[in-house]
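Asker: Residue numbers (full-length UniProt numbering): 1 to 468. Shown below is the structure under consideration.
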Ligand SMILES: Cc1ncc(COP(=O)(O)O)c(C=O)c1O
């Protein structure tokens, strides 16, 4: 019997009756899902009238109607059999046209593969590109699935591009000099994973830093898994800059993208990869082995979002303009909520220090000084961000994620998602959080930045500023 069982089986007291792959010990998880189940359990226990949800990386809005209608039509047309393993040519052509237009580089259908959501490409890139001598760079903090799968397949081969933490401002920043050092000190780096706009921080990598990364690609010849799944969700006039827009970089890029976030289609599981044609050829063969094809209805939807689709004698008109109009409104709402949450948390300075919302729908405030409060440390005996997250859920009915679930550099941070409904979760939830933290400060015998009974007025001013 294999004694070395992964902790997630042991925790559930599930013991297999055969030897299993010991590498499962290295497989992590995405806490948003595991902790999400805990949130539902507390919600169902009815301990609190309501759980304020800031933990989910899911979209607040639901899928735009024209997308739903196209899918319904495709189902009525009985488009229910196997589809093309790469994605129908016209569908990939439509995506390629859009990508060429928005990235300013010629993308062809042979550079595209449809996949069941953006996530699938992480595993395929790790399975195809990495040899036992190769190293992979994962940003820290970052979306936990990169680290989890890289550890599972290639433990011992992972390096971290750690965000720099400014000791004064307490905010995080990815600096090129820290990345350069990794290349100077290590051989055989094959893959760098980057993500912008970023989960968990909500920060963006600007053109300059991506161009510097491209210089490193030219010098050291490695691949970039470029995850821009939140590419359209950007704020304050910022424009997303694609790594593919840098001349020559298509040859070195595996671009993860999809419909989950921009189009509010998380539950559909629909994504696509943009990569050099030879890699798409390999990924296509893997797709045949893994899932055969993305379901046919979804293929039609994916195509119609960018142009007309004609399939098996049926015509599906482009819904591009209608959909874009709808999602642009979603982005405006995200921007308002992001500004509101960031500024509201910063009212608690120096106890909470929050970054500016640049994109996606996340913020990553530093709660170090809250963890250092005597009452928190000595009375509540909360030692770290994970315990603080648990306390918030079980004692205060607030669901957030712990920063350290996203990497070492996330320690003492809390990840806030502000995707949820403004009236039901964001506004009342923020008031509740501010009051809770002010009480923690008071119970530590420290004068708070303002009084609990000032919260409603202060938040009221921010509501006027962001939502009126
Ligand atoms: C940075 C990042 N990449 C990829 C994904 C996966 O998205 P999908 O739903 O397309 O699998 C997520 C989802 O949360 C994400 O935050």
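Ideal Cβ positions, reconstructed from N, Cα and C, are used throughout, including at glycine.
For ligand 1, I want to know if residue 119 counts as a neighbour, meaning its beta carbon is within less than 8 Å of at least one of the ligand's heavy atoms.
Answerer: Result yes, Cβ under 8 Å from ligand 1.
Asker: Exposed or buried, which one is residue 408 when buried takes at least 16 other CB atoms within 10 Å?
Answerer: exposed
Asker: For the pair the stretch 348-363 and the stretch 80-99, tell me if three or more CB-CB distances fall below 8 Å.
Answerer: no
Asker: Grouping DSSP H, G and I as helix and E and B as strand, with all else coil, what is residue 400?
Answerer: Residue 400 sits in coil when the DSSP states are folded into three classes, being neither helix nor strand.
Asker: Compute the minimum distance between the beta carbon of residue 18 and the heavy atoms of ligand 1, and state whether it is under 8 Å.
Answerer: no
Asker: Quick one: residues in its chain with C-beta nearer than 7 Å to the C-beta of residue 105, no 5 flanking neighbours on either side, listed in chain order?
Answerer: 244, 245 and 250
Asker: Reducing DSSP to helix, strand and coil, say where residue 115 ends up.
Answerer: strand
Asker: Hey, is residue 405 close to ligand 1, as in C-beta under 8 Å from one of its heavy atoms?
Answerer: The answer is no for residue 405.
Asker: To the nearest angstrom, how far is it from the Cα of residue 324 to the Cα of residue 457?
Answerer: 36 Å
Asker: So residue 412 and residue 371 are supposed to be a Cβ contact under 8 Å. How far apart are they, rounded?
Answerer: 6 Å
Asker: Around the Cβ of residue 248, are there at least 16 other Cβ atoms within 10 angstroms (buried) or fewer (exposed)?
Answerer: exposed
Asker: Checking the sheet assignment: what are the DSSP bridge partners for residue 255?
Answerer: 226 and 274
Asker: Going along the chain, which residues of its own chain have a beta-carbon closer than 6 Å to the beta-carbon of residue 373, five neighbours each way excluded?
Answerer: 440 and 444
Asker: Report the residue from 141, 198, 111 and 117 whose alpha carbon sits nearest the alpha carbon of residue 406.
Answerer: 141
Asker: Pick from 187, 416 and 16: whose alpha carbon is nearest that of residue 133?
Answerer: 187
Asker: Counting beta carbon pairs with one atom in the stretch 200-213 and one in the stretch 353-372, are three or more of them shorter than 8 Å?
Answerer: yes
Asker: Taking 7 Å as the limit between beta carbons, can you name the residues of its chain near residue 28, skipping five residues before and five after?
Answerer: 144, 147, 148 and 151
Asker: Is residue 446 helix, strand or coil when you go by DSSP?
Answerer: Secondary structure at residue 446: coil, using DSSP grouped into helix, strand and coil.
Asker: For residue 367 and residue 280, what's the separation of their Cα atoms in angstroms?
Answerer: 43 Å
Asker: Just to confirm before moving on: does the CB-CB distance between residue 85 and residue 287 stay below 9 Å?
Answerer: yes
Asker: Is it the case that the CB of residue 337 approaches a heavy atom of ligand 1 more closely than 8 Å?
Answerer: no
Asker: Out of 22, 19, 12 and 25, which one is the CA nearest neighbour of residue 34?
Answerer: 12
Asker: Identify whether residue 139 lies in helix, strand or coil by the three-state DSSP scheme.
Answerer: strand
Asker: Taking the straight line between their C-alpha atoms, what separation do you get for residue 181 and residue 426?
Answerer: In a straight line, the C-alpha of residue 181 is about 40 Å away from that of residue 426.
Asker: Just the C-alpha distance for residue 39 and residue 379, rounded to the nearest angstrom, thanks.
Answerer: 24 Å
Asker: For ligand 1, is there a heavy atom less than 8 Å away from the beta-carbon of residue 145?
Answerer: yes
Asker: Keeping to the same chain, check which residues put their C-beta closer than 8 Å to that of residue 471; ignore five residues upstream and five downstream.
Answerer: Because the chain here runs from 1 to 468, residue 471 falls outside it and cannot be looked at.
Asker: Nearest-angstrom Cα distance between residue 237 and residue 339?
Answerer: 13 Å
Asker: Any heavy atom of ligand 1 closer than 8 Å to the CB of residue 148?
Answerer: Proximity of the beta carbon of residue 148 to ligand 1 is not indicated: no heavy atom of the ligand is located closer than 8 Å.
Asker: How would you label residue 82, buried or exposed, when you count the other beta carbons within 10 angstroms and need 16 or more for buried?
Answerer: Burial is judged here by how many other beta carbons sit within 10 angstroms of a residue's own beta carbon; residue 82 has fewer than 16 and is exposed.
Asker: Can you find the residues in the same chain that come closer than 6 Å, C-beta to C-beta, to residue 227, ignoring five residues on each side of it along the sequence?
Answerer: 195 and 256
Asker: Residue 334: beta carbon under 8 Å from a heavy atom of ligand 1?
Answerer: no
Asker: Taking its Cβ as the centre, do 16 or more other Cβ atoms sit within 10 Å of residue 455, making it buried, or is it exposed?
Answerer: buried
Asker: Starting from the Cα of residue 266, find the closest Cα among 419, 159, 46 and 285 and give me that residue.
Answerer: 419
Asker: Hey, would you say the C-beta of residue 32 is under 8 Å away from at least one heavy atom of ligand 1?
Answerer: Proximity of the beta carbon of residue 32 to ligand 1 is indicated: a heavy atom of the ligand is located closer than 8 Å.
Asker: Give the DSSP-derived three-state secondary structure of residue 377 in the structure shown.
Answerer: helix
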